[in-house]
Amino acid sequence: PVFQIQNGVNSNNFHSYHILPIDKDSDFNANATSLNLYNQPLITKMTLSDKANLTAITWAHAVNSQQELSGALNSNINMIEADIVLGKLNNTGDDLPVMAHPPANSSDLSLTEFMLRILEHNEAHDENAKAVKLDFKSIEVFEGSLNILSELIPLMTQPVWLNADIIRGPVNQTSTVPVHPERFFAGAAKFESAVLSIGWTTRWGANFTDGAYTEQQIDEMLLAIKNNNVTAKQHPITFPVRAGIAANSLEQLHALVAAVNETNESSLTIWSSAGDFVDVPKLRQLIFSFGFERVYLDVPADLADQLGLERGETGSAASRLPSLLSFSIVSACLYLTSMWLNRIRL
1 PVFQIQNGVN SNNFHSYHIL PIDKDSDFNA NATSLNLYNQ PLITKMTLSD KANLTAITWA
61 HAVNSQQELS GALNSNINMI EADIVLGKLN NTGDDLPVMA HPPANSSDLS LTEFMLRILE
121 HNEAHDENAK AVKLDFKSIE VFEGSLNILS ELIPLMTQPV WLNADIIRGP VNQTSTVPVH
181 PERFFAGAAK FESAVLSIGW TTRWGANFTD GAYTEQQIDE MLLAIKNNNV TAKQHPITFP
241 VRAGIAANSL EQLHALVAAV NETNESSLTI WSSAGDFVDV PKLRQLIFSF GFERVYLDVP
301 ADLADQLGLE RGETGSAASR LPSLLSFSIV SACLYLTSMW LNRIRL
């Protein structure tokens, strides 16, 4: 709600945007139901609107089993997030892409069946269709999934996000190997309709209070995007950032998004693990500084409640006006700083 987005359409049918000063009378209390967000191209191509409330989009997280998938499909959520590893289906047979989160390496649900069940559901329930975020835990499983994705993504009527942590990140994270960025981008280039969800490996938890996405880590992400010709492909990009760390990284994340917005639509997807320490006031400041039209929110219910963003409540823009005005001056300065940094980096 600090920046208002004005759009135009280019020859590739992607939307380009210019950041304008906010009109304090604009209404940012729209919700996913009234806007029918999940049945529009908004989350397919990250098509942004000055009235879109992306924080209102709802998620099912770690849908890595038959039972969890059935529950998600029968719910009213908009996005299904799931993890993919190379492992066994029902602990038997050869390794193949299955739905599981490390260290687990077996599942009762393969990637193929996961995609087919969602495809079947969406064809039968257009009014309750689901978008998908696929979180690939290694470059080996991503490359091992390309044939499956090549067959099924073109059939999907709803958005597909391809997610991988491609850069080593905070705080001194050394245990998780990032997904190889060059090989990930090479495979993802085959899917022009997909949203690229590219992030950093992280180390965080209940006992962490200090830590941020550093300028070096931001620069490494920008360099990976530039060196792999992602700008020419004009893929929509969302950056998954861990809530507790993102709350301490307002300036760095503004610099990142400002740089990428020159060529690709971009947003943040704020996520959090249960039990993570999060400075809630600082996270609210981050969200308001970007605006509800730039931030997806995939966090546990207790954190969402603490944020108090009126995701499903009644209310008016006036109730948030003091916060918006208090952030506007800071955010304007950050935006100018980000544009200057953008000229240096790209």
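So the sequence shown is numbered by the numbering used here: it starts at 1 and just counts up by one. Even for Gly, the Cβ is constructed at its ideal location relative to N, Cα and C. Computed from a predicted model, the values in this text were never measured in an experiment.
Scan the stretch 160-207 and note each continuous alpha helix (DSSP H) run of 4 residues or more that stays entirely inside, going in chain order. For the stretch 160-207, whole alpha helix (DSSP H) runs of length 4 or above, ordered along the chain, are 181-188.
According to DSSP, what are the bridge partners of residue 75? As a working mapping, residue 75 is identified with position 75 in the sequence shown. Per DSSP, residue 75 has no beta-bridge partner at all.
Determine the burial state of residue 350: buried for a count of at least 16 other Cβ atoms within 10 Å of its Cβ, exposed for fewer. Residue 350 lies beyond the range of the chain shown here (1 to 346); nothing can be said about it.
Rounded separation between residue 157 and residue 129 - CA only: In the sequence shown, the residue the question calls residue 157 occupies position 157. In the sequence shown, the residue the question calls residue 129 occupies position 129. Rounded to whole angstroms, residue 157 and residue 129 show a C-alpha spacing of 9 Å.
DSSP bridge partner residues for residue 88 (one or two, in chain order): Here residue 88 is taken as the residue at index 88 of the sequence shown, counted from 1. According to DSSP, residue 88 bridges with 106.
Spatial neighbours of residue 73 within its chain, please: C-beta separation below 6 Å, excluding the five flanking residues on both sides. To locate residue 73, count along the sequence shown from 1; it is residue 73. Cβ-Cβ distances below 6 Å link residue 73 to 121 in the same chain, with the five nearest sequence neighbours on each side left out; the list follows chain order.
Have a look at residue 52 and residue 293 and give me their C-alpha separation to the nearest angstrom. Residue numbering aside, residue 52 sits at position 52 when the sequence shown is read from its first letter. Residue numbering aside, residue 293 sits at position 293 when the sequence shown is read from its first letter. Going from the Cα of residue 52 to the Cα of residue 293 covers about 5 Å.
Beta-carbon proximity of residue 137 to residue 197, cut-off 8 Å: On the sequence shown, position 137 is the one that residue 137 refers to. On the sequence shown, position 197 is the one that residue 197 refers to. For residue 137 and residue 197, no; Cβs fall outside 8 Å.
When the Cβ atoms of the stretch 223-230 are set against those of the stretch 176-187, are three or more pairs found closer than 8 Å? Verdict: yes, contact present.
How do the stretch 107-122 and the stretch 54-72 stand: do at least 3 beta-carbon pairs fall below 8 Å, yes or no? Yes, they touch.
Whole-angstrom distance between residue 104 and residue 261, CA atom to CA atom: Against the sequence shown, residue 261 aligns to sequence position 261. Against the sequence shown, residue 104 aligns to sequence position 104. When rounded, the distance between both Cα atoms is 37 Å.
Strictly by DSSP, which residues pair up with residue 221? Start at 1 with the first residue of the sequence shown, and residue 221 comes out as number 221. Residue 221 pairs with nothing; no bridge assigned.
For the beta strand (DSSP E) that contains residue 286, what are its first and last residues? Here the question's residue 286 lines up with position 286 in the sequence shown. Element bounds for residue 286: not the beta strand (DSSP E) but the alpha helix (DSSP H), 280-290.
Any beta carbon from chain C within less than 8 Å of residue 154's own beta carbon? In summary, chain C is missing from the structure at hand, where a single protein chain is found.
What's the C-alpha gap between residue 266 and residue 235? Here residue 266 refers to the residue found at position 266 of the sequence shown. Here residue 235 refers to the residue found at position 235 of the sequence shown. For the pair residue 266 and residue 235, the Cα-to-Cα distance works out to about 9 Å.
Evaluate the contact criterion for the stretch 276-295 versus the stretch 240-255: three or more CB pairs, one atom per stretch, below 8 Å. Enough Cβ pairs lie closer than 8 Å, so yes.
Taking residue 152 as the reference, which of 296, 191, 180, 172 has the closest Cα? For the purposes of this step, residue 152 is identified with residue 152 of the sequence shown, where counting begins at 1. Checking every option, the nearest Cα to that of residue 152 belongs to 191.
Straight-line gap, residue 102 to residue 85 (C-alpha atoms, nearest Å): As a working mapping, residue 102 is identified with position 102 in the sequence shown. As a working mapping, residue 85 is identified with position 85 in the sequence shown. Residue 102 and residue 85: Cα-Cα distance of roughly 7 Å.
Pick from 213, 126, 272, 285 that is closest to residue 256, judged by C-alpha positions: Translated into positions along the sequence shown, residue 256 becomes position 256. Per the C-alpha coordinates, the member of 213, 126, 272, 285 positioned closest to residue 256 is 213.
Cα-Cα separation between residue 203 and residue 258, rounded to whole angstroms: What you label residue 203 is simply residue 203 of the sequence shown in a count that begins at 1. What you label residue 258 is simply residue 258 of the sequence shown in a count that begins at 1. Approximately 26 Å between the Cα atoms of the pair.
Using the Cβ count rule (16 or more neighbours within 10 Å means buried), how would you classify residue 124? The residue labelled residue 124 in the question sits at position 124 within the sequence shown. That one is exposed.
Where residue 236 falls: helix, strand or coil (DSSP): One-based indexing of the sequence shown puts residue 236 at position 236. Reduced to three states, the DSSP call for residue 236 is coil.
Leaving aside the five residues before and after residue 163 along the sequence, list all residues of the same chain whose C-beta is less than 7 Å from its C-beta, in chain order. Along the sequence shown, one-based indexing puts residue 163 at 163. For residue 163, the CB contacts under 7 Å within the same chain, skipping 5 residues up- and downstream, are 133, 134, 135, 136, 197, 240 in chain order.
Cβ neighbour criterion (16 or more within 10 Å) applied to residue 147: Here residue 147 is taken as the residue at index 147 of the sequence shown, counted from 1. Classification for residue 147: exposed.
Could you spell out where the beta strand (DSSP E) holding residue 270 opens and where it closes? As a working note, residue 270 is residue 270 in the sequence shown. If you look at residue 270, you'll find it in the beta strand (DSSP E) that goes 266-271.
Could you please give me the residues that DSSP links to residue 300 through a beta bridge? Position 300 of the sequence shown, counted from the first residue, corresponds to residue 300. Per the DSSP secondary-structure output, residue 300 pairs with nothing in a beta bridge.
Beta-carbon contacts of residue 171 that lie in its chain and below 6 Å, excluding the five residues immediately before and after: Along the sequence shown, one-based indexing puts residue 171 at 171. Counting only Cβ-Cβ distances below 6 Å, and skipping sequence neighbours, we find 203, 211.
First through last residue of the alpha helix (DSSP H) which encompasses residue 114: For the purposes of this step, residue 114 is identified with residue 114 of the sequence shown, where counting begins at 1. In this chain, the alpha helix (DSSP H) harbouring residue 114 covers 111-124.
Where does residue 277 sit, in a helix, a strand or coil, going by DSSP? Walking along the sequence shown from the start, residue 277 turns up at place 277. Coil at residue 277, not helix or strand.
List the endpoints of the continuous alpha helix (DSSP H) containing residue 256. Taking the first residue of the sequence shown as position 1, residue 256 is located at position 256. First-last of the alpha helix (DSSP H) with residue 256: 250-260.
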